[in-house]
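Participant: Using the working numbering, you'd call the opening residue of the sequence shown number 1185 and step up by one each time.
Here a beta-carbon is modelled for each residue, glycine too, at the ideal position from N, C-alpha and C.
The structure presented is a predicted model; accordingly, all values stated were derived computationally and were not measured.
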Amino acid sequence: MSQPLAEPHVSPKPLSILVVCTGNICRSALAHHYLAHHLQQEAPDAFQVASGGTGWFEGLTVPQDLIEIAPEVGDRLTGHASGPLEIAQIRAADLILTATTEHRSRVLVEVPAAFKRTFTIREFANVLAGRGLRPGADPDAWRAAIAQVARYRGGADDADIEDPYRRGRAAYEGMRATMLPLLDVVIDAARSE
1185 MSQPLAEPHV
1195 SPKPLSILVV
1205 CTGNICRSAL
1215 AHHYLAHHLQ
1225 QEAPDAFQVA
1235 SGGTGWFEGL
1245 TVPQDLIEIA
1255 PEVGDRLTGH
1265 ASGPLEIAQI
1275 RAADLILTAT
1285 TEHRSRVLVE
1295 VPAAFKRTFT
1305 IREFANVLAG
1315 RGLRPGADPD
1325 AWRAAIAQVA
1335 RYRGGADDAD
1345 IEDPYRRGRA
1355 AYEGMRATML
1365 PLLDVVIDAA
1375 RSE
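(1) Can you give the Cα-Cα distance for F1299 and P1247, rounded to whole angstroms?
(2) What's the C-alpha gap between P1268 and R1315?
(3) Can you tell me the Cβ-Cβ gap for V1233 and A1213, rounded? I've got them flagged as a contact below 8 Å.
(4) For G1314, does the three-state DSSP call read helix, strand or coil?
(5) Measuring straight from C-alpha to C-alpha, what distance separates V1311 and A1328?
(6) Could you check whether the Cβ of Y1356 sits closer than 8 Å to any Cβ belonging to chain D?
(7) Among D1259, A1277, A1272, E1357, whose alpha-carbon lies nearest the alpha-carbon of V1203?
(8) Using DSSP with H/G/I as helix, E/B as strand and the rest coil, what is F1378?
(9) When burial is assigned at 16 or more other CB atoms within 10 Å of the CB, is R1275 buried or exposed?
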């Protein structure tokens, strides 16, 4: 008598994260590569990270000051191919993180149905931490957590992350100091306990 074959384990589809700013060369570029690098270490193949710019135009490159102050992802930033925010990206993303409330509004003008999965970086990190949500490496648990964040977003601080472009090295350092701790909240929530 033969044994029944075990059901093959089907891995959930990776969680797709889209990061948005204006030119896709400073804030969203850093967030994209910082998240991709650290999430891959925490949960290999559980996340896919992309980025786009609402005011992108051809020829934009990541500023040297930003590359120099982000050594953990400097090589990735050097090779970063900036690009425009595309409607297909918005539709496909499970989570959309924006640098500012203006970027969030631009996303929602393009795809209003993305409301429950579009947040400023600060808003998402603050609600995620405030609610104690830790979905770990499971993309489906992340999808459920995103729905919870959407429910509790109302009182969250969603202050903008300032654009450092062409404002000197101190502005890049300030942006990094503001944004990376917020991204670390997301990365920490992906850690298996």
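Facilitator: Result, derived from the coordinates:
(1) For the purposes of this step, residue 1299 is taken as the residue at position 115 of the sequence shown. For the purposes of this step, residue 1247 is taken as the residue at position 63 of the sequence shown. F1299 and P1247: Cα-Cα distance of roughly 31 Å.
(2) For the purposes of this step, residue 1268 is taken as the residue at position 84 of the sequence shown. For the purposes of this step, residue 1315 is taken as the residue at position 131 of the sequence shown. Cα to Cα, P1268 sits roughly 33 Å from R1315.
(3) As a position in the sequence shown, residue 1233 is number 49, starting the count at 1. As a position in the sequence shown, residue 1213 is number 29, starting the count at 1. Incorrect: roughly 11 Å between the Cβ atoms, too far for contact.
(4) Indexing the sequence shown from 1 puts residue 1314 at position 130. Three-state result, G1314: helix.
(5) Counting from one through the sequence shown, the residue named residue 1311 turns up at place 127. Counting from one through the sequence shown, the residue named residue 1328 turns up at place 144. Approximately 14 Å, taken between the alpha carbons.
(6) The chain labelled as chain D is not found in the depicted structure, where only one protein chain is given.
(7) Taking the sequence shown and counting its residues from 1, one reaches residue 1203 at position 19. Of D1259, A1277, A1272, E1357, the residue nearest in Cα terms is A1277.
(8) In the structure displayed, the chain extends from 1185 to 1377; residue 1378 sits before or after that span and is not available.
(9) The residue labelled residue 1275 in the question sits at position 91 within the sequence shown. Counting Cβ neighbours within 10 Å, R1275 comes out exposed, since fewer than 16 surround it.
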